[in-house]
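Notes follow the structure.
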Amino acid sequence: TRFPPHSTQRNKMESFKWVLVLLSLISASTGSKSGKKTLVLLENLSIKETHSVFFSDLISRDYQLVFKLADDSNLALSKYGEYLYDHLIIFAPSVEEFGGSVDMMALTDFVDHGGNILVAASSDVGDILRDFAMEIGIEPDERETAVIDHLNYDINDRGDHTLLVVDPSNLINAPLIVGKKTNIPILYQGLGLVADPDNPLVLEIMTGYTTSYSYSPTRSIEDYPHAVGKSTLLVAGLQARNNARVVFSGSIDLFSNEFFASPVQKSQVGSKEYQQNGNRALSEALTQWVFKEIGILKIGEVKHHLQGDNEPPAAYTVMDDVYYYIEIQELVEGMWVSFTASDVQLEFFRIDPFVRTFLNKTSDGKAYYAKFKLPDVYGVFQFKVDYRRLGYTHLFSATQMSVRPLEHTQYERFIDSAYPYYLSAFSMMIGVVLFSFVFLHFRDPNERKKKDN
Amino acid sequence: MGPVVVLLLLVGYASAEIAPSLGDVITSRDQTRLRELFRKTPIDSLTMAYYVSNGLRILGEQDNSKKQICSYIQQHTPDSTSLDTIFYATSVDALYDCEVSYSSFEKSLKDSLKSERNVSELFYIVSSLTNIGSKVDQKLLSPSKLLDLAEQEESILSYGQAFLTASLLADGDLTSLMDTVEDVAVQADESPTSIYFEGGLETTSTAITGIVRLGTKTGNRPTLSALQATLFGKYFLSIKYTETVSEAWYVLQAVEALAHNKFFVPTGVTLVNRLPINIHNQKLEVHLTNILNEPVPPSDIKLVTIESSSGDKDTINKSFTSESDGITYSYLLFPQVASPGGYKVILSTEPKTASPVAQLVHVELPVIVSFSVVVESAEISIIERDQNVAVKTVPLQYPTTSQDELSADQHSKVKMTFHLLNKQNKEKVNVHQTFVRLVSANKEEIYFVATPTNIGIYTFELDLADAAKEFFNSQSGTYEMSLIVGGMSVENPFSWHIGSLNLKFPGTPRDDTSEELEYRYKPRPEIQHLFRAPEKRPPTVVSFTFAVLVMAPVVLLVPVWLLLGGNILNITLSGPWAIMFHVGLIGIFGLYYLFWVQLNMFQTLKYLIILGGVTFISGNRMLRQIAKYRSA
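Chains as they are written, first to last, in the working numbering: chain A, 1414 to 1866; chain B, 12 to 643.
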């Protein structure tokens, strides 16, 4: 033989090794995904202690937190082109520049690669956070300014009316982002933000009151304030087109142990006192949203065929009755379960939508379906589900198929108003038959006489 | 902060001890919260039993949890190899006297002192032995050995535990350990407001408690300045809002050491409440307490200076009156500082007797002197732009809403003037927030700032031609107008709905509401496809009538022919060929009918070839016979 026997043995060993390497690679990559590895950039180490409740809440939800000082010279978000963390928390309001390789570009690249970021600023906001905010469509006010509201400040305010009592009615109407509706107010102290009107992706998660404004509490108002009224943003969010999420809070104190433990009461006479404020619940909801524990949708199986059939045809014919089926799943506590909503829409689309209809839940509750008649227009169409709701990831599915016109045999065969034509044709045929008898076999009686004669 | 600290340090060494104020203390509210935290903690380990029992002891409560904790330690005997659990169990027993006997551990603990141990193990062993009531003397463990070990381990935590252990030893020279206190203290890290050791809370708490206990044991003051003690105190205060039992315990342990010692007791001057100073509340009241909110020996508190937010300084140098409760001091502030505004009040304290309480200098407290604001002489007018003449003027009365609807277009200006006055003395005042808010019919808000032309005299002028594009997007319509007045020292901030304005702008508004934006997060309207309507057809009666009519010739053909003498008598001449031909012909037409009803063209052609062939041949034969007959 050409090969010695041990060589095949070795080949087997070799391939077995490769399988092992592959397996370990696969397990390594899935392992890092589920680990929820989160980098926490701190301004100084004492923030770890002043915000320990916030962090321990995260740890109890299985987050693996890696604390680093924001000016650590070995900071890096990625190594050899691989991102080291799934999420990033920046609790370093006044830092002007991060250490290591982390700069504005690194942060935006992180978001572009699907990383999620929670940023907390304060009245002492640094340049890097300002630049990052501008990049994602949020404009923070100048340094040394704060959101002021003379009508809605807490009784424990230190005299500049910047410790705001924010009613839950100032939160965005999206329970996925801010948690279940309550009437418990939230304490806020910090920077005012404004959303860039040209960026439709920015979410106004928490806004000020009509009487709020952002200005320096110590200087009298000379210029027009950066933010006034309801457009004063306190907490802003962003879900990028790749579904990466960012939350930018103008207040780092919002997440602090001190705020979590403080009672809250507006200073105006007769205001209700709440022993517990809504900060902890809000920060839990915000982190659940921004770190993608909730509001994640995915598409399962998508099918379409003629009603009463099971397989899709090569092409549909105009005015066919079709059946469309789509499975949509939502991530709930780490498990994919079928998603329930009454406002999922299907579009039958060719340049413009021809049909737009709500999808119904199938009887087993697993999926959605729609039954409808194709329009009397032929061409290349798409079944399109484009589901975009506050707090959910963007869901998009497009299935292309062609619709052709009727074949010549598929037109209507017996038209009432054409009966005179049909019958005259048959009358003509019968006439020809009768005529052929008479024409061919007529015996002229005179001729017979003549013959007889 | 930095330069002040350095300055204070220098001054501190020069004369009597000087320190800044803590600024905050463990208030009674905090104590209640921490007590709650300890009470609701389930006792599920000896460690927890230790934290909870000792935490509650510092907070002045023992009895409520005693039974539960005692029953836990009675049921859970520590493992003799795990030194820390022995320490926790014996500590709880020493505190509560739960009548559990740990004397069986004495021998093994003493034996274990003889083998190689690290500082933390030594701390557990010595503490446990002390808890049991057994003394540890030099022969068993010497202070110099502790120091050597701590130096080897090179961590602040080890030094702290070494100090704590040494303070429990029965005898031995502690001088060398006392000498290291200074070296340890300088290793603290700085944050903007406090100092702490690198290991965090546990390390800092252990080290500070160790330093205090060591000092108490030796009776000499450890080399830690009042300033350092205060800055460490501030660090513990920054963690007081914790919700973790272990953190709460470490904070309380250190805070107790700082509150109850003979050497340095950091103190804090805190405002009794945050109410503004005004006619109803004329006194500035402060508390002078130690870090645990307990009274300290009486001090003389002086109001040194008072500085307004605009930077004007007044030197006062007068003493506060001390109240009978021993912690409250008050100063009648209102007549002196009549003008409303925000102030920085600078205090200093000086203990009346020699005490571990340092002298506090430059204690800064924010104080607001507030007033009620009233609006007077308010009026709104519409001014012709070119001539600058008021076309219409409406007087306004706070807090009523004007019923006159004012109209303005691009040739006019809207001008509002008003005076803001202090209600008490009728002096004109400036406030921080004087905003005019216009709300359109579709709830868009537009804000303007009313600016003072002179103190207390405010004007708001809106030139419609200029503002049309920038603020109003040329959106004509009725706007609701309000005036928002507020300020740091305004007691009665308000939002006053003045009335409505009808504004007319030239040009058409830019439509920003694209479908994309409007339906961004909403379901879009449903679309039903409109199928092309079928062509209109004549009524079936008409077509059926004509259908009958077109059949009439065929029906009439046979009788008419019979009437005219038509016949087929010659059929016999051509014989069977004629029959075949006619059957074929009828067959062809029958095939055409089938083609119409069900067959396709190919099937039809197939049958037609057969039928046609037969018909052709038979027809040919038939015609030939007829021709033969005719020619005959």
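The beta carbon of each residue, even a glycine, is placed where N, CA and C say it ideally should be.
C-beta atoms of residue i and residue j nearer than 8 Å
{"i": "residue 30/B", "j": "residue 238/B", "result": "yes"}
{"i": "residue 1562/A", "j": "residue 1476/A", "result": "no"}
{"i": "residue 393/B", "j": "residue 413/B", "result": "no"}
{"i": "residue 170/B", "j": "residue 218/B", "result": "yes"}
{"i": "residue 97/B", "j": "residue 139/B", "result": "yes"}
{"i": "residue 1600/A", "j": "residue 1675/A", "result": "yes"}
{"i": "residue 1556/A", "j": "residue 1537/A", "result": "yes"}
{"i": "residue 1787/A", "j": "residue 1733/A", "result": "yes"}
{"i": "residue 154/B", "j": "residue 177/B", "result": "yes"}
{"i": "residue 277/B", "j": "residue 250/B", "result": "no"}
{"i": "residue 354/B", "j": "residue 318/B", "result": "yes"}
{"i": "residue 258/B", "j": "residue 1465/A", "result": "yes"}
{"i": "residue 1670/A", "j": "residue 1463/A", "result": "yes"}
Cross-chain neighbours of residue i in chain A, by beta carbon under 8 Å
{"i": "residue 589/B", "result": "1853 and 1854"}
Residue i: contacting residues in chain A (beta-carbon distance under 7 Å)
{"i": "residue 456/B", "result": "1623, 1642 and 1643"}
{"i": "residue 535/B", "result": "1758 and 1769"}
{"i": "residue 504/B", "result": "1563 and 1564"}
{"i": "residue 578/B", "result": "1855 and 1856"}
Contacts around residue i, its chain only, beta-carbon distance under 8 Å, and the 5 residues preceding and following it disregarded
{"i": "residue 286/B", "result": "292"}
{"i": "residue 1516/A", "result": "1510 and 1541"}
Among the options, nearest to residue i - alpha-carbon criterion
{"i": "residue 1747/A", "options": "1554/A, 1614/A, 1673/A and 1705/A", "result": "1705/A"}
{"i": "residue 1574/A", "options": "1685/A, 1626/A and 1454/A", "result": "1626/A"}
{"i": "residue 289/B", "options": "614/B, 272/B, 347/B and 419/B", "result": "347/B"}
{"i": "residue 525/B", "options": "1781/A, 1611/A, 1454/A and 1594/A", "result": "1611/A"}
{"i": "residue 415/B", "options": "462/B, 405/B and 253/B", "result": "405/B"}
{"i": "residue 233/B", "options": "37/B, 495/B and 174/B", "result": "174/B"}
{"i": "residue 328/B", "options": "311/B, 368/B, 594/B and 473/B", "result": "311/B"}
{"i": "residue 144/B", "options": "164/B, 627/B, 102/B and 513/B", "result": "102/B"}
{"i": "residue 657/B", "options": "1851/A, 1859/A and 1633/A", "result": "Nothing can be reported for residue 657/B, as the shown portion of chain B is limited to 12 through 643."}
{"i": "residue 432/B", "options": "466/B, 545/B and 313/B", "result": "466/B"}
{"i": "residue 482/B", "options": "637/B, 440/B, 505/B and 448/B", "result": "448/B"}
Contacting residues, own chain, Cβ-Cβ under 6 Å from residue i (five flanking each side not counted)
{"i": "residue 388/B", "result": "430"}
{"i": "residue 1709/A", "result": "1744 and 1806"}
{"i": "residue 1520/A", "result": "1545"}
{"i": "residue 1749/A", "result": "1742"}
{"i": "residue 582/B", "result": "589"}
{"i": "residue 220/B", "result": "264, 265 and 268"}
Residues near residue i by beta carbon distance below 7 Å, same chain, minus five either side
{"i": "residue 1701/A", "result": "1707"}
{"i": "residue 283/B", "result": "296, 297, 298 and 339"}
{"i": "residue 343/B", "result": "293 and 294"}
{"i": "residue 1849/A", "result": "none"}
{"i": "residue 193/B", "result": "234"}
{"i": "residue 195/B", "result": "167, 170 and 218"}
Check: residue i C-beta below 7 Å from any heavy atom of the ligand GDP
{"i": "residue 1457/A", "result": "The ligand GDP is absent from the structure shown, which contains no ligand whatsoever."}
Neighbouring residues, chain A, relative to residue i (Cβ below 9 Å)
{"i": "residue 551/B", "result": "1829, 1830 and 1832"}
{"i": "residue 572/B", "result": "1847 and 1851"}
{"i": "residue 448/B", "result": "1623, 1624, 1641 and 1642"}
{"i": "residue 218/B", "result": "Within chain A, no residue comes near residue 218/B; the closest Cβ sits about 16 Å away, beyond 9 Å."}
{"i": "residue 207/B", "result": "1458, 1459 and 1462"}
Neighbour list for residue i in chain B, Cβ cutoff strictly below 9 Å
{"i": "residue 1673/A", "result": "252 and 254"}
Cross-chain neighbours of residue i in chain B, by beta carbon under 8 Å
{"i": "residue 1588/A", "result": "Residues of chain B passing the Cβ test: none, with the nearest at roughly 13 Å."}
{"i": "residue 1574/A", "result": "497 and 499"}
{"i": "residue 1469/A", "result": "254 and 255"}
Listed by chain order, chain B residues near residue i by CB distance under 7 Å
{"i": "residue 1536/A", "result": "The contacting residues do not exist; residue 1536/A stays about 14 Å from chain B at best."}
> Can you give, in chain order, each stretch of the beta strand (DSSP E) that sits fully within the stretch 1758-1833 of chain A and has at least 3 residues?
Replying inline: 1758-1763, 1765-1771, 1781-1786, 1792-1800 and 1808-1817
>> Extract the residue ranges of the alpha helix (DSSP H) inside the stretch 1645-1712 of chain A, only unbroken runs of 4 or more that lie entirely within it.
In response: 1670-1674 and 1692-1703
> In chain order, which continuous runs of the alpha helix (DSSP H) of length 4 or greater are located wholly inside the stretch 1475-1533 of chain A?
Replying inline: 1517-1525
>> To test your reading of the DSSP string, which unbroken alpha helix (DSSP H) runs of 4 or more residues are found completely within the stretch 45-77 of chain B?
In response: 57-69
> Quick one: complete alpha helix (DSSP H) runs, 4+ long, within the stretch 94-176 of chain B?
Replying inline: 94-107, 116-123, 130-143 and 154-164
> What are the start and end residues of each continuous alpha helix (DSSP H) run of 4 or more residues lying completely inside the stretch 232-293 of chain B, in chain order?
Replying inline: 237-248 and 256-270
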